[in-house]
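So for the sequence shown, numbering that gives the first Met the number 0 puts the first residue at 0; every next one is plus one. For reference, the structure is listed below as structure tokens.
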Amino acid sequence: MENIHLVIANGENAAGGFGITDKLSAELYAAGCDGITTGNHVWDQRELLGTIDGDPRLLRPLNLPAGTPGAGARVFDLADGRRVLVLNPMARLFMDAIDCPFAAVERELALNPLGQVQAVVIDFHGEATSEKMAMGHFADGRASMVVGTHSHVPTADAQILAGGTAYQTDCGMCGDYDSVIGMQKQGAVARVVTKLPGERLRAADGEGTLCAVFVETDDATGLARRIEPVRLGGRLAEHVPG
């Protein structure tokens, strides 16, 4: 995987499964991430309410109400002069009651369509596979990629849609898969079995698997030439794009 020009990480569970902090954002930037998206846990670490406006590389969900700190859309300038729009809409099915993600994406695509920017990346943070698939087809031909986050499990449906947009329903988590969506399994299982709150869930600390999606775009159109899942280390079968 050489010549990667932009790395976006979803960091909303970086703080032991509960949000992200400025310190953790800085560590992800130092590790090579160009930008960070989030989701429904974005405000779990309350410090972010006062600091997110000072970090132009950290996104919160796009379709939160007007006046919410931060931004859910950013244009990233690459070293070679190309510009990439990154959007972080959040779904509504089985999630919080927030503004329409489709209307929010439509507004941003109208402001920065392919052609004015060289690529459009959409991290759609949602529970329902149907809603994430709907977003893929909604943005097909207008975004370089639509990739879901939130379920913590990588899906086996990486594909290029009819209009040229790369799509995968969920890219999966980076963490220990000997767990319940990244949390230590004993406490998580007890909660489901007993329906009692129990102790605070803690992140599993075994060997992690890095899960991601690799997308190559066409410089002329901004649409996708290739999409492949990435799985490195840990318990899952490894897959490294050729």
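For glycine and all other residues, C-beta sits at the position ideal for the given N, C-alpha and C.
- request: Output the boundary residues of the beta strand (DSSP E) element that contains Thr50.
  value: On the sequence shown, residue 50 is found 51 positions in, with the first residue counted as 1. Premise fails: Thr50 lies in the alpha helix (DSSP H), Leu47 to Thr50, not in any beta strand (DSSP E).
task: Please list, in chain order, all residues of the same chain as Thr36 whose beta carbon is under 8 Å from its beta carbon, the five residues on each side excluded.
output: Start at 1 with the first residue of the sequence shown, and residue 36 comes out as number 37. These residues qualify, in order along the chain: Ile7, Ala8, Asn9, Gly10, Glu11, Leu58, Val85, Asn87, Asp122, His124 and Thr148.
task: Quick one: using the 10 Å Cβ neighbour count with 16 as the cut-off for buried, is Gly80 buried or exposed?
output: In the sequence shown, residue 80 corresponds to position 81, counting from 1. By the beta-carbon neighbour count (other beta carbons within 10 angstroms, threshold 16), Gly80 is exposed.
task: Can you tell me which of Cys173, Lys184, Arg141 and Gly171 puts its alpha carbon nearest to the alpha carbon of Thr164?
output: For the purposes of this step, residue 164 is taken as the residue at position 165 of the sequence shown. Among Cys173, Lys184, Arg141 and Gly171, the Cα nearest to that of Thr164 is on Arg141.
message: Once DSSP output is grouped into helix, strand and coil, what is the label at Pro55?
response: In the sequence shown, the residue the question calls residue 55 occupies position 56. DSSP places Pro55 in coil when its eight states are reduced to three.
- prompt: Buried or exposed: Phe75, going by 16 or more other Cβ atoms within 10 Å of its Cβ?
  reply: Position 76 of the sequence shown, counted from the first residue, corresponds to residue 75. Its Cβ being crowded by 16 or more others within 10 Å, Phe75 is buried.
message: Tell me the rounded alpha-carbon separation between Leu129 and Pro240.
response: Residue mapping note: residue 129 aligns to position 130 of the sequence shown, counting from 1. Residue mapping note: residue 240 aligns to position 241 of the sequence shown, counting from 1. Looking at the sequence itself, residue 129 is Ser, so the reference to Leu does not match. Straight-line spacing of the CA atoms in Ser129 and Pro240 works out to 27 Å.
task: Starting from the N-terminal side, write out each stretch of the alpha helix (DSSP H) that is 4 residues or longer and does not extend beyond the segment 148 to 210.
output: 184 to 193
Phe17 - containing beta strand (DSSP E), residue span: In the sequence shown, the residue the question calls residue 17 occupies position 18. That residue, Phe17, is in no beta strand (DSSP E); it is neither H nor E in DSSP.
- prompt: Which of helix, strand or coil does DSSP assign to Val212?
  reply: If you number the sequence shown from 1, residue 212 lands on position 213. Residue state, collapsed to three classes: strand.
task: Would you kindly report the start and end of the unbroken beta strand (DSSP E) that includes His124?
output: As a position in the sequence shown, residue 124 is number 125, starting the count at 1. Per DSSP, His124 belongs to the beta strand (DSSP E) from Ala118 to His124.
message: With the cut-off set at 8 Å, would you say Asp54 and Phe17 are in Cβ contact?
response: Counting from 1 along the sequence shown, the entry for residue 54 is found at position 55. Counting from 1 along the sequence shown, the entry for residue 17 is found at position 18. In this structure, Phe17 does not lie closer than 8 Å to Asp54 by Cβ.
query: So what does Arg73 bridge to, in DSSP terms?
result: The residue you call residue 73 lines up with position 74 of the sequence shown. DSSP lists Val85 as partners of Arg73.
- prompt: Leaving out five residues before and five after Asn39 in sequence, what residues of the same chain have Cβ atoms less than 8 Å from its Cβ?
  reply: Mapped onto the sequence shown, residue 39 falls at position 40. Within the same chain, Asn39 has close Cβ partners Glu11, Pro60, Met89, Met94, Asp95, His124 and His149.
query: What residues in its chain sit with their C-beta under 6 Å from that of Glu166, if we drop five residues either side in the sequence?
result: If you number the sequence shown from 1, residue 166 lands on position 167. Note on residue identity: the sequence assigns Tyr, not Glu, to residue 166. Same-chain partners within the cutoff: Gly135, Val145, Gln158 and Leu160.
query: Name the DSSP bridge partner or partners of Val146?
result: Locating residue 146 in the sequence shown gives position 147, counting from the first residue. Looking at the DSSP assignment, Val146 forms a beta bridge with Asp122 and Gln167.
message: Only counting the same chain, and skipping five residues up and downstream in sequence, which positions put a Cβ closer than 6 Å to that of Ala103?
response: Within the sequence shown, residue 103 is the residue found at index 104, counting from 1. Leaving aside the five residues that flank Ala103 on each side, the residues in its chain whose CB is nearer than 6 Å to its CB run, in chain order, Leu61, Asn62 and Pro88.
- request: Output the distance between the C-alpha atoms of Asp52 and Ala133, rounded to the nearest integer angstrom.
  value: Taking the sequence shown and counting its residues from 1, the one referred to as residue 52 is at position 53. Taking the sequence shown and counting its residues from 1, the one referred to as residue 133 is at position 134. In a straight line, the C-alpha of Asp52 is about 31 Å away from that of Ala133.
field: Whole-angstrom distance between Asp217 and Glu198, CA atom to CA atom
entry: For the purposes of this step, residue 198 is taken as the residue at position 199 of the sequence shown. For the purposes of this step, residue 217 is taken as the residue at position 218 of the sequence shown. Each residue's alpha carbon lies about 49 Å from the other.
task: Step through the CB atoms of chain D and report whether any lies within less than 8 Å of the CB of Leu113.
output: The chain inventory of the structure shown lacks chain D, comprising one protein chain alone.
task: Provide the residue span of the alpha helix (DSSP H) that contains Leu108, from first to last.
output: Translated into positions along the sequence shown, residue 108 becomes position 109. Per DSSP, Leu108 belongs to the alpha helix (DSSP H) from Pro100 to Leu110.
- request: Rank Ile180, Gln117 and Asp139 by C-alpha distance to the C-alpha of Thr220 and give the top, closest one.
  value: Walking along the sequence shown from the start, residue 220 turns up at place 221. Nearest option by C-alpha distance: Gln117.
task: Confirm the yes/no value for this check: CB of Ile19, any heavy atom of the ligand NAD, distance under 7 Å.
output: Absence of the ligand NAD from the depicted structure is noted, as is the absence of any ligand whatsoever, leaving it without description.
message: I'd like to know whether the C-beta atoms of Asp177 and Ala203 end up nearer to each other than 8 Å.
response: Indexing the sequence shown from 1 puts residue 177 at position 178. Indexing the sequence shown from 1 puts residue 203 at position 204. Result yes, Cβ atoms of Asp177 and Ala203 sit closer than 8 Å.
- request: Could you tell me the distance, in whole angstroms, from the CA atom of Val119 to the CA atom of Val214?
  value: As a working mapping, residue 119 is identified with position 120 in the sequence shown. As a working mapping, residue 214 is identified with position 215 in the sequence shown. Going by the C-alpha atoms only, they are around 11 Å apart.
task: Put Ala25 into one of helix, strand or coil per three-state DSSP.
output: Position 26 of the sequence shown, counted from the start, is the residue given in the question as residue 25. If DSSP states are grouped into helix, strand and coil, Ala25 belongs with the helices.
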